[in-house]
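So for the sequence shown, numbering that gives the first Met the number 0 puts the first residue at 0; every next one is plus one.
For glycine and all other residues, C-beta sits at the position ideal for the given N, C-alpha and C.
Source: prediction; values computed, not measured.
Here is the structure we will look at.
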Amino acid sequence: MSHLTLVPKNEHFIREVFTDFLLSREAMLCSPATLDFYKYTAGKFVTWLVKKSISNPEDILSSHVRAYLASLRSRNLKANTIHSHARAIKTFLRFCHQENYIPCHVKFEMPRVPNKAMPLLNPKQIKQVMRACRSIKHKALVYVLLDTGLRRAETSKPCWGDVDINSGIVRVSKGKGGKSRSVVIGVKTRRILLRYRRNVPNAISDSVFNLSGHGIRSALRRIGERVGIRLTAHMFRRTFATLSIKNGMNPLHLQGLLGHSSLEIVRRYIQILDGDLMQAHREYGPVDKYLK
Numbered sequence: 000m001s002h003l004t005l006v007p008k009n010e011h012f013i014r015e016v017f018t019d020f021l022l023s024r025e026a027m028l029c030s031p032a033t034l035d036f037y038k039y040t041a042g043k044f045v046t047w048l049v050k051k052s053i054s055n056p057e058d059i060l061s062s063h064v065r066a067y068l069a070s071l072r073s074r075n076l077k078a079n080t081i082h083s084h085a086r087a088i089k090t091f092l093r094f095c096h097q098e099n100y101i102p103c104h105v106k107f108e109m110p111r112v113p114n115k116a117m118p119l120l121n122p123k124q125i126k127q128v129m130r131a132c133r134s135i136k137h138k139a140l141v142y143v144l145l146d147t148g149l150r151r152a153e154t155s156k157p158c159w160g161d162v163d164i165n166s167g168i169v170r171v172s173k174g175k176g177g178k179s180r181s182v183v184i185g186v187k188t189r190r191i192l193l194r195y196r197r198n199v200p201n202a203i204s205d206s207v208f209n210l211s212g213h214g215i216r217s218a219l220r221r222i223g224e225r226v227g228i229r230l231t232a233h234m235f236r237r238t239f240a241t242l243s244i245k246n247g248m249n250p251l252h253l254q255g256l257l258g259h260s261s262l263e264i265v266r267r268y269i270q271i272l273d274g275d276l277m278q279a280h281r282e283y284g285p286v287d288k289y290l291k
């Protein structure tokens, strides 16, 4: 028997449905960060619906979603932010349909995200950032971020026992989506980590950097202020992906290292620079190559 006949429809009904949605994400072992994401995005949509006197999921129309997204746009929020809200709302409404809270899908067009180049570091800037690190800990942090493409939250998790200095394999448990994987660090990064580890007591069991996600963000901000660059872990992730491809890495291998489920997501991280396009055209352009 469906929820539509079991649950009384009152002014609290849609909030109860949203609570059921959050519980379903917990049952799927979503991370606390993912749960907070849904509470902040889809949760605000539910609050907006209640203010519009919409208490029954059956009454949600595509026009409501469009009106809500338009209200976000009127606040001059970034396109990526609005897209994130829309993605969460779509997930919530899909759940409502699957659980028989609503009889059919509520379809709406997802907001477009501009395909613009995201900031990354060039080799000269990388050297500037390294010189701006005033402690061996911060230098080791930057080396690991640049050499692995780890997300900020993932960088805060590994313990020394997860790092095999001999092979360069680093185990990442419960990355995004609760997935575990291995990444690799090169010889130079391993040597920096060895130097750093000599200054860390109880280095076998402790967290490598003993920093939370916020702590990593703060450390990168301070380093970036010294060179006039707004540094983020995601900037290092994009730099790792772009330079790895530029140096000849197989995209499938890069997909595994980044922990992405598809090559399409990897493609979003890779930025082909103008100089690379010019070089590619010089090597493979059909007119210059075949017409004399």
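About 6 Å separates the beta carbon of residue 155 from that of residue 215, a gap short enough to meet the 8 Å contact definition. Taking C-beta atoms under 8 Å as the contact rule, residue 191 and residue 167 fail to qualify, at a distance of about 12 Å. At the C-beta level, residue 179 and residue 169 stay beyond 8 Å of one another. A direct Cα-to-Cα measurement between residue 127 and residue 64 gives close to 46 Å. When the beta-carbon positions are compared, residue 228 and residue 124 come within less than 8 Å of each other.
The three-state secondary structure of residue 70, taken from DSSP, is helix. Counting of Cβ neighbours within 10 angstroms places residue 211 among the exposed residues, the total staying below 16. Under the three-state reduction of DSSP output, residue 29 falls in the coil class, being neither helix nor strand. Taking a cut-off of 8 Å for Cβ pairs, the region 101-116 and the region 232-249 do not touch, as fewer than three such pairs fall below it.
Within the region 99-173, complete alpha helix (DSSP H) segments of at least 4 residues are found at 122-131, 135-147, 151-154, given in chain order. One thing to note: residue 94 has its Cβ within 8 Å of the Cβ of residue 20. The secondary-structure analysis by DSSP pairs residue 182 across a beta bridge with 169. Taking C-alpha positions only, residue 147 is separated from residue 44 by approximately 36 Å. A distance below 7 Å between beta-carbons, with the five flanking residues on each side excluded, links residue 16 to the following residues of its chain, in chain order: 56, 95, 100. Apart from sequence neighbours up to five positions away, the residues of its chain that approach residue 139 with a beta-carbon distance below 6 Å are 191, 192, 195, ordered along the chain. For residue 48, the uninterrupted alpha helix (DSSP H) run begins and ends at 41-50, by DSSP. In this structure, residue 171 sits away from residue 145, with a CB-CB distance that is not shorter than 8 Å. As a beta-bridge residue in DSSP terms, residue 206 pairs with 158. Residue 162 sits close to residue 207, with the two beta carbons spaced by under 8 Å. Around the CB of residue 40, 16 or more other CB atoms lie within 10 Å, so the residue is classed as buried.
With respect to residue 119, residue 238 sits close: the two C-beta atoms are nearer than 8 Å.
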